[in-house]
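Chains as they are written, first to last, in my numbering: chain A, 3 to 146; chain W, 2 to 142. One structure is given here, and the rest of the page talks about it.
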C-alpha cells in the first residue's frame with residue numbers, strides 16, 4: 003500500500019519536475035578532480051566518473067519534494083547498483099538537459115528485511131533532446 | 002601510446018593494473034559539501050547506525066567515480082569507455098582502503114570496432130568484497 007503511494011507520488015513529482023537544464027562550471031569539475039586525484043582532466047570534457055554527481059542533482063530534487071510527505075514512512079534508502087552507458091564524451095561549459103523516469107517499486111527480501119527497489123533512470127541530452135550523452139539506471143532500495 | 006597500440010596490446014585473461022584508494026574522511030566530507038549531499042546515511046553516524054551500519058556509509062556515487070578514473074588511467078581514451086555497471090555488496094566506511102582488480106573477459110571484433118569486456122571487483126584490505134561489475138570499451142578498428 004505504502005509502496006503504491008510512493009510510486010504514485012514519485013510519478014507526480016517526476017511529471018511536475020520535468021527535465022532540467024544544467025551547465026557545469028569548470029571550477030566545480032576541477033575541485034572534484036582534485037578530490038579524486040584525477041590528473042587526466044584537461045578542462046575540456048566532463049570526466050565520466052562525474053556523471054552520477056550530475057544526474058544526482060535531479061534525483062535529489064525529487065527526494066526533497068517527497069521528503070516532507072514520506073519523512074516518517076521511509077525508514078532508509080540506499081543506492082545498490084547502477085548501470086551507466088556513455089554514449090558521447092561530454093564537453094565542458096555546455097548546457098545539458100537531464101530527464102528522469104522512475105520504475106514501479108519491486109519488493110525484495112534480504113538480510114536486513116523487506117526493501118523496495120526503485121530504478122531512477124536519468125538521461126543526459128543536449129538541450130534540444132536530439133543527442134544522448136549518457137544514461138544512468140540508478141537502483142535504490144527503500145526501507146518503508 | 003595511441004588507440005591502435007592500446008587495442009593491439011589487449012588480450013583475453015589479461016589483468017587490469019590494480020588500483021587502491023583510501024577514502025579519507027576529510028576528502029569525503031569535502032565531496033559531500035561539493036555535491037550538496039542530503040541523504041543522512043552518508044552524513045549522520047547515528048542515523049546510519051540505526052539502520053545497522055557501523056558508521057556513515059560512503060555514497061555509491063563517490064565510489065563509482067573511481068571506476069572510470071581507474072579505467073582511464075589505464076587507457077586514457079575517454080571515447081572508448083561505453084558502459085560501466087556497479088553492484089554494491091558491502092558498505093565502505095570513511096578511512097577504509099579499497100582495491101580495484103579486474104580482468105579482460107572477452108574481446109569481440111565487430112564491423113568497424115573492437116569491443117572489450119572487462120569484469121572487475123573491489124575489495125577492502127582484509128578481502129571483504131565491496132562491489133563488482135563490468136566495463137565495456139569500444140575501439141575503432
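For each residue, glycine too, the CB sits at the ideal point set by N, CA and C. As the structure is a prediction and not an experimental result, all values here were calculated from the model.
Exercise. Would residue 95 of chain W count as contacting chain A if we go by Cβ distances under 9 Å?
Worked result: As a working mapping, residue 95 of chain W is identified with position 94 in the second chain. No - not a single Cβ of chain A is within 9 Å of the one on residue 95 of chain W.
For this session: Evaluate contact between the segment 113-122 of chain A and the segment 98-112 of chain W, counting only Cβ atoms and requiring at least three cross-stretch pairs below 8 Å.
Result: Result no; under three Cβ-Cβ pairs closer than 8 Å.
For this session: Note down the Cα distance separating residue 68 of chain W from residue 92 of chain A, rounded to an integer number of angstroms.
Result: As a first step, residue 68 of chain W is located in the second chain; it is residue number 67 there, counting from the start. As a first step, residue 92 of chain A is located in the first chain; it is residue number 90 there, counting from the start. Within the model, the alpha-carbon separation for residue 68 of chain W versus residue 92 of chain A is close to 17 Å.
Exercise. Since residue 119 of chain W sits in a beta bridge, which residues does DSSP pair it with?
Worked result: In the second chain, the residue the question calls residue 119 of chain W occupies position 118. DSSP lists W:105, W:136 as partners of residue 119 of chain W.
Exercise. Quick one: does residue 83 of chain A have its CB under 9 Å from some CB of chain W?
Worked result: Residue 83 of chain A sits at position 81 when you count from the first residue of the first chain. At least one chain W Cβ lies under 9 Å of residue 83 of chain A.
Problem set entry | Contact set between the segment 115-126 of chain W and chain A, restricted to residues whose Cβ is under 8 Å from the partner | Listed in sequence order: no entries.
Exercise. Quick one, which of W:66, W:8, W:53, W:49 has its alpha-carbon nearest residue 36 of chain W's?
Worked result: Residue mapping note: residue 36 of chain W aligns to position 35 of the second chain, counting from 1. Here the closest residue by C-alpha is W:66.
Exercise. Shortest alpha-carbon distance to residue 113 of chain A belongs to which of A:145, A:65, A:104, A:105?
Worked result: By one-based count along the first chain, residue 113 of chain A stands at place 111. Sorting A:145, A:65, A:104, A:105 by C-alpha distance to the C-alpha of residue 113 of chain A places A:145 at the top.
Exercise. Is it right to say residue 23 of chain A is buried, meaning 16 or more other beta carbons lie within 10 angstroms of its own, or is it exposed?
Worked result: As a first step, residue 23 of chain A must be located in the first chain, where it is residue number 21. In the assembly as shown, residue 23 of chain A is an exposed residue. Its beta-carbon has fewer than 16 other beta-carbons within 10 Å.
Exercise. Expressed to the nearest angstrom, what Euclidean distance is found between the alpha-carbon atoms of residue 46 of chain A and residue 103 of chain A?
Worked result: Working through the first chain from its first residue, we reach residue 46 of chain A at position 44. Working through the first chain from its first residue, we reach residue 103 of chain A at position 101. Between residue 46 of chain A and residue 103 of chain A, the C-alpha separation is close to 29 Å.
Problem set entry | Alpha-carbon spacing of residue 82 of chain A relative to residue 89 of chain W, whole angstroms | By one-based count along the first chain, residue 82 of chain A stands at place 80. By one-based count along the second chain, residue 89 of chain W stands at place 88. Cα atoms of residue 82 of chain A and residue 89 of chain W: separation of roughly 5 Å, rounded to the nearest angstrom.
For this session: Below 8 Å between beta carbons is the criterion; list the residues of the segment 53-66 of chain W that meet it against any residue of chain A, in chain order.
Result: Per Cβ criterion, the list reads 53, 58, 60, 61, 62, 65, 66.
For this session: Name the two residues that bound the continuous beta strand (DSSP E) containing residue 63 of chain W.
Result: In the second chain, residue 63 of chain W corresponds to position 62, counting from 1. For residue 63 of chain W, there is no enclosing beta strand (DSSP E); the enclosing alpha helix (DSSP H) covers residues 61-75.
Exercise. Do we get a CB-CB distance below 9 Å when we pair residue 40 of chain W with the residues of chain A?
Worked result: Reading the second chain from its first residue, position 39 is the one you call residue 40 of chain W. Chain A, which has a Cβ nearer than 9 Å to the Cβ of residue 40 of chain W, makes this yes.
For this session: With distances taken Cα to Cα, identify the nearest neighbour of residue 121 of chain W among W:61, W:100, W:58, W:24.
Result: Walking along the second chain from the start, residue 121 of chain W turns up at place 120. Nearest to residue 121 of chain W by C-alpha distance, out of W:61, W:100, W:58, W:24, is W:100.
Exercise. Looking at chain A, which residues of the segment 84-110 of chain W have a Cβ within less than 8 Å of any of its Cβ atoms?
Worked result: Hits within the stretch, in order: 84, 85, 86, 87, 88, 89.
For this session: Taking only the alpha-carbon atoms, compute the straight-line gap between residue 67 of chain A and residue 82 of chain W and give it to the nearest angstrom.
Result: Here residue 67 of chain A is taken as the residue at index 65 of the first chain, counted from 1. Here residue 82 of chain W is taken as the residue at index 81 of the second chain, counted from 1. Cα to Cα, the separation comes out at about 34 Å.
For this session: If I'm right that residue 85 of chain W touches residue 42 of chain W with Cβ under 8 Å, what's the distance once you round it to whole angstroms?
Result: By one-based count along the second chain, residue 85 of chain W stands at place 84. By one-based count along the second chain, residue 42 of chain W stands at place 41. Incorrect: roughly 23 Å between the Cβ atoms, too far for contact.
Problem set entry | Range of the contiguous alpha helix (DSSP H) that encloses residue 9 of chain A | Against the first chain, residue 9 of chain A aligns to sequence position 7. Note, residue 9 of chain A: alpha helix (DSSP H), 4-19.
Exercise. Around the Cβ of residue 107 of chain A, are there at least 16 other Cβ atoms within 10 angstroms (buried) or fewer (exposed)?
Worked result: Here residue 107 of chain A corresponds to residue number 105 of the first chain, with the count starting at 1. It counts as buried.
Exercise. What residues from chain W crowd round residue 114 of chain A, counting only those whose CB sits closer than 7 Å?
Worked result: Position 112 of the first chain, counting from 1, holds the residue named residue 114 of chain A. Simply 53.
Exercise. What in chain W is Cβ-close to residue 52 of chain A, meaning under 9 Å?
Worked result: Numbered from its first residue, the first chain carries residue 52 of chain A at position 50. Contact note: residue 52 of chain A reaches chain W through 66, 69, using a C-beta cutoff of 9 Å and chain order.
For this session: Return the bridge partner residues of residue 49 of chain W from the DSSP annotation.
Result: Taking the second chain and counting its residues from 1, one reaches residue 49 of chain W at position 48. As far as DSSP is concerned, residue 49 of chain W takes part in no beta bridge.
Exercise. DSSP on residue 112 of chain A, reduced to helix/strand/coil?
Worked result: Mapped onto the first chain, residue 112 of chain A falls at position 110. The answer is strand: DSSP assigns residue 112 of chain A an E or B state.
Exercise. Nearest chain A C-beta to residue 35 of chain W closer than 9 Å, yes or no?
Worked result: In the second chain, the residue the question calls residue 35 of chain W occupies position 34. Using a Cβ-Cβ cut-off of 9 Å, residue 35 of chain W counts as an interface residue toward chain A, since at least one Cβ of chain A sits closer than that to its own.
Problem set entry | Residues near residue 129 of chain W in its chain [Cβ-Cβ closer than 8 Å; skip 5 each side] | Counting from 1 along the second chain, the entry for residue 129 of chain W is found at position 128. So the list reads 91, once near-sequence residues are dropped.
For this session: Could you tell me whether any Cβ in chain W is nearer than 9 Å to the Cβ of residue 125 of chain A?
Result: Reading the first chain from its first residue, position 123 is the one you call residue 125 of chain A. At least 9 Å separates the CB of residue 125 of chain A from every CB of chain W.
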